[in-house]
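**Student:**
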Amino acid sequence: MAEQAATRRDFLRAGGALAAGVLLAPGVFLLGPAAARPAGEPASSRQRWGLLVDTRRCADGCDACVSACREENGWGGRGRPETDPQWIRKVRVRDPRSGRSFSLPVMCQHCAHPPCVDVCPTGASMRRADGIVLVDRHRCIGCRYCMMACPYKARSLEHEAVEDPRPWAPRGKGTVESCTLCVHRVDAGREPACVEACRRTGNAALVFGDLADPASEIARSVRELGGEALRADLGLDPGVRYLGLNV
Amino acid sequence: MKEPRLQAIEGRSGGFYALAALLGALVAAGLWAAWQMEHHGHAITGMTNQIVWGLPHVFAVFLIVTASGALNVASVASVFGRKAYKPLAPLSAVLAIACLVGGLAVLVLDLGRPDRLVVAMTRYNFRSIFAWNIYLYTGFLAIAAVYLWLMLERRMNRYSRVAGTVAFLWRLILTTGTGSIFGFLVARQAYDAAIMAPLFIAMSLAFGTALFLLVLIGAFRATGRPLGDHLLHRLKNLLGVFVAVVLYFTAVQHLTNLYAAEHHGVERYILVEGGAVTALFWVGQVLVGGLVPLGLVYHPTLGRQRGAIALAGLAVLLGGLAQIYVIIIGGQSYPLILFPGMEVSSSFFDGVIHTYRPTGVELLLGLSGLGITGLITLLALRVLAILPAALGDEQAPAPAAGATEAVRA
Ligand code: SF4
Ligand code: SF4
């Protein structure tokens, strides 16, 4: 209930901002779907941020997206793979029948119906109106129920003390963290670090954008080429979609 | 029939102090372990980002499940009007409270941020079954405490039946809630089953009755109070039934999973290829926790011996720990399946069986839950009049007489 009311309020406020935007600076909208959200303005449910991963362009052995994320958000690097957090990982998939193999990055899928949010006892796990799923680090008690519930193994517990976390990605011992879709960049009108890095390699296997905006590149691609969810049978409607899973 | 007098234990013997010291040491060790975990982080445990819940959860869930079953004797007395069990009802309520407090303490001390417990108490997400459980548990403690008071305060006795009924219903919901913690984890192959809730209720009845039998036999023996056989034999028969029901639900759980092709992998893992998990399933859960106690309690001669009955109770508890280990650890060590039918690999252990090597700290933390439970029970026995001064066969009538008694009551 409260959640819904908040969404509606956010929505109305965003609507007002939009109206004001039209009057004062119509040019803002020419910037396209990833337009910056004014500081202090709540996320709007008019948007549904998402990622489209084209596995056919994703190169085996390339992990530019992983390193870029690690660099941007400052996780990992202690050399203890079992307990070090991993916000994004490259998974190599091989079909034992045909021998076909491909690889793809897996990160928080920013589900529309996120089990991690459903089970979190304190509400630290939350889904923003624009579809980005986050952990409020100051509210997380480290019960790890969300980790048990996430079908994609997208979350990590910080098992040790964190040395100088990035100011935009607060992390700390005893709390849970995961891909934020680079929310700090998105809110500033930029795209996530992984997408940028992937484009730089020339593979350009990742597209970021607003699934709710029919004119956006990501929405157009999903419309024309499809865009499958991992474990679609679970019906979680993730914001991260994949191309070329079953060819 | 004269109602047996309830009397606190003396608590001056060397044995009493030795036991109290042992339990106290367990609790202290657990607190030390929790402090270490808080200080160094969970890196010093065997838990990882793959095995997210470990030994502390095995002990905590075990105690919480046992708590609701330990109240069973009291329910039988109050709700179903079995007078014979009435003198034992207060002890049963105390055990329930002690188990729940022990289990919850472990759960809380294992949190990544135990210092934020206040957050957990004040900010609820009402969609979380975990958050409901916080209510269910605190409610259970309150109800059991009121119920205990109504039973012990003579003038209030007549209300105890109402409180007993409330406690009975509450604890059914509570165990369903605990079972649902797992039942709601759709992502995990091993947990995605509605059978979890009834299975947990059956487990709670078996474990709770087993613990009650052990404490009963132990307390009467240690204090030299006379204990007749009739009641004991009825309780051990009850235990036998509960153990059989747990075995039955376990069989249903695995057979239905075998029926669904998507669960074949995890079933093969638990039943055949899982190494320690498989061994704990067959030897711990099925043999020690099921077949051995069944053989003991229904054996024509052994089943009449007190030592054998106590052994059966102990076996049920050990088997119960094994069962919860198989559910919690086994369910996590089998990898999540993102790409059905495919071979996968990654830097994050996709597609591989996860190994769990618990360290000393988490074992100590888990054991301290048992310590807390034991210590609370021991202190309650000493300060409250909850243990009958004598429970000979004349106080606890033979089954036939008991039945008429119940009808008259
Ligand atoms: S992928 Fe996992 S962590 Fe991310 S929203 Fe979905 S359930 Fe939550
Ligand atoms: S670990 Fe933190 S975010 Fe996850 S369920 Fe617990 S409180 Fe919520």
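Line by line, the protein sequences are chains A and B.
Every letter in the first sequence is one number past the one before it in numbering that gives the first Met the number 0, and letter 172, counting from 1, is 171.
Every letter in the second sequence is one number past the one before it in numbering that gives the first Met the number 0, and letter 61, counting from 1, is 60.
Idealized CB from N, CA, C, for every residue including glycine.
Because the structure is a prediction, the values reported are computed rather than measured.
(1) Candidates 90(B), 99(B) and 26(B): which alpha carbon is nearest residue 59(B)'s?
(2) Could you tell me whether the segment 52-61 of chain A touches the segment 199-207 of chain A, where touching means 3 or more Cβ pairs closer than 8 Å?
(3) Run through DSSP, which three-state label would residue 74(B) get?
(4) Listing by chain order, which chain B residues have their CB less than 8 Å from the CB of residue 41(A)?
(5) Quick one: does the C-beta of residue 134(A) sit closer than 7 Å to a heavy atom of ligand 2?
(6) Taking the beta strand (DSSP E) that residue 106(A) falls in, what are its first and last residues?
(7) Counting only Cβ pairs nearer than 8 Å, list the residues of chain A close to residue 343(B).
(8) Taking the CB atoms as reference points, tell me whether residue 166(B) and residue 201(B) lie closer together than 8 Å.
(9) Mark residue 156(B) as exposed unless 16 or more other C-beta atoms lie within 10 angstroms of its C-beta, in which case mark it buried.
(10) Would you say residue 73(A) reaches chain B, if we count a Cβ-Cβ gap shorter than 8 Å as a contact?
(11) Residue 253(B) to residue 219(B), Cα distance in whole Å?
(12) Using only the alpha-carbon positions, how far apart do residue 185(A) and residue 111(A) sit?
(13) Unbroken alpha helix (DSSP H) runs of length 4 or more, entirely within the segment 220-297 of chain B: which are they?
(14) Alpha carbon to alpha carbon, how far is residue 30(A) from residue 217(A)?
(15) Just reading off the beta strand (DSSP E) that residue 23(B) is part of, what are its end residues?
(16) Nearest by alpha-carbon distance to residue 356(B): which of 86(B), 240(B) and 50(B) is it?
(17) Does any heavy atom of ligand 2 sit closer than 7 Å to the C-beta of residue 166(A)?
(18) Considering only residues of the same chain and omitting the five flanking positions on each side of residue 287(B), which have a CB-CB separation below 6 Å?
(19) Counting Cβ pairs, one atom from each stretch, are 3 or more of them under 8 Å apart for the segment 154-162 of chain A and the segment 79-86 of chain A?
(20) Just mark residue 304(B) as buried or exposed, buried being the case when its beta carbon has 16 or more other beta carbons within 10 Å.
(21) Should residue 25(A) be labelled buried (16 or more other beta-carbon atoms within 10 Å of its own) or exposed?
(22) Going along chain A, which residues have a C-beta under 7 Å from residue 127(B)?
(23) Quick one: list the residues of chain A neighbouring residue 241(B), beta-carbon separation under 7 Å, in chain order.
(24) State the Cα-Cα distance for the pair residue 136(B) and residue 95(B), rounded to the nearest angstrom.
(25) Compute every distance between the C-beta of residue 240(A) and the non-hydrogen atoms of ligand 2, then say whether any falls below 7 Å.
(26) Between residue 108(A) and ligand 1, is there a pair consisting of the residue's CB and a ligand heavy atom that are separated by less than 7 Å?
(27) Might you give, ordered along the chain, the residues of its own chain that have their beta carbon closer than 6 Å to the beta carbon of residue 261(B), omitting 5 neighbours on each side?
(28) Give every residue of the same chain whose Cβ lies closer than 6 Å to the Cβ of residue 66(B), excluding the five residues on either side of it in the sequence, and list them in chain order.
(29) Can you tell me whether DSSP reads residue 51(A) as helix, strand or coil?
(30) State yes or no: is the C-beta of residue 153(A) nearer than 7 Å to some heavy atom of ligand 2?
(31) Count Cβ pairs between the segment 270-279 of chain B and the segment 229-241 of chain B that sit closer than 8 Å; are there 3 or more?
(32) With the cut-off set at 8 Å, would you say residue 178(B) and residue 196(B) are in Cβ contact?
(33) Taking only beta-carbon positions, decide if residue 52(B) is within less than 8 Å of chain A.
(34) Closer than 8 Å by C-beta to residue 266(B): which residues in its own chain qualify, once you throw out the five before and the five after it? Chain order, please.
(35) Please classify residue 143(A) as buried or exposed, where buried requires at least 16 neighbouring CB atoms within 10 angstroms.
(36) Between residue 44(B) and residue 242(A), what straight-line distance do the alpha-carbon atoms span, to the nearest angstrom?
**Tutor:** By the coordinates alone:
(1) The shortest Cα separation from residue 59(B) among 90(B), 99(B) and 26(B) belongs to 99(B).
(2) Yes: at least three Cβ pairs fall under 8 Å.
(3) Correct three-state label for residue 74(B): helix.
(4) Those do not exist, as residue 41(A) stays about 19 Å from chain B at its closest Cβ, beyond 8 Å.
(5) Result yes, Cβ under 7 Å from ligand 2.
(6) Start and end: 100-106.
(7) Identification of chain A residues near residue 343(B) by a Cβ-Cβ cut-off of 8 Å yields 90, 91, 92 and 93, ordered along the chain.
(8) No. Outside cutoff.
(9) Label assigned to residue 156(B): exposed.
(10) Residue 73(A) does not count as touching chain B.
(11) Looking at the backbone, the Cα of residue 253(B) and that of residue 219(B) are separated by about 40 Å.
(12) Straight through space, the alpha carbons of residue 111(A) and residue 185(A) are spaced by roughly 18 Å.
(13) Whole alpha helix (DSSP H) segments, 4+ residues: 228-258, 263-267, 275-278 and 291-297.
(14) Confidence in residue 30(A) is poor, its pLDDT being 36 and thus under 50, which makes the residue's placement unreliable; the coordinate value appears in the next sentence. Spanning the two alpha carbons is a distance of roughly 16 Å.
(15) Going by DSSP, residue 23(B) is part of no beta strand (DSSP E) but of the alpha helix (DSSP H) stretching over 13-39.
(16) The candidate whose alpha carbon is nearest that of residue 356(B) is 50(B).
(17) Outside the cutoff, so no.
(18) Excluding its 5 nearest sequence neighbours in each direction, residue 287(B) has C-beta neighbours in its own chain below 6 Å: 314, 317 and 318, listed in chain order.
(19) Yes, they touch.
(20) Within a 10 Å sphere around the beta-carbon of residue 304(B) sit fewer than 16 other beta-carbons, which makes this residue exposed.
(21) Model confidence at residue 25(A) stands at a pLDDT of 35, short of 50, so the residue's coordinates are unreliable and nothing is read from them.
(22) Neighbours of residue 127(B) on chain A, chain order: 117, 118, 119 and 120.
(23) In chain order: nothing, as chain A lies at least about 28 Å away.
(24) One C-alpha to the other measures close to 11 Å.
(25) Not under cutoff, so the answer is no.
(26) Residue 108(A): yes, Cβ under 7 Å from ligand 1.
(27) Taken in chain order, the list of residues that qualify is empty.
(28) Excluding residues up to 5 positions away in sequence, 95, 98 and 99 lie with their Cβ nearer than 6 Å to the Cβ of residue 66(B) in the same chain.
(29) Judged by DSSP in its simplified three-state form, residue 51(A) adopts strand.
(30) Checking every heavy atom of ligand 2 against the Cβ of residue 153(A), none is found closer than 7 Å.
(31) Under the Cβ criterion (8 Å, minimum of three pairs), the segment 270-279 of chain B does not count as touching the segment 229-241 of chain B.
(32) In this structure, the beta-carbon distance from residue 178(B) to residue 196(B) falls below 8 Å.
(33) It does: the Cβ of residue 52(B) has a partner Cβ on chain A nearer than 8 Å.
(34) So the qualifying residues of the chain are 253, 256 and 257.
(35) That one is buried.
(36) Computed Cα separation, rounded: 39 Å.
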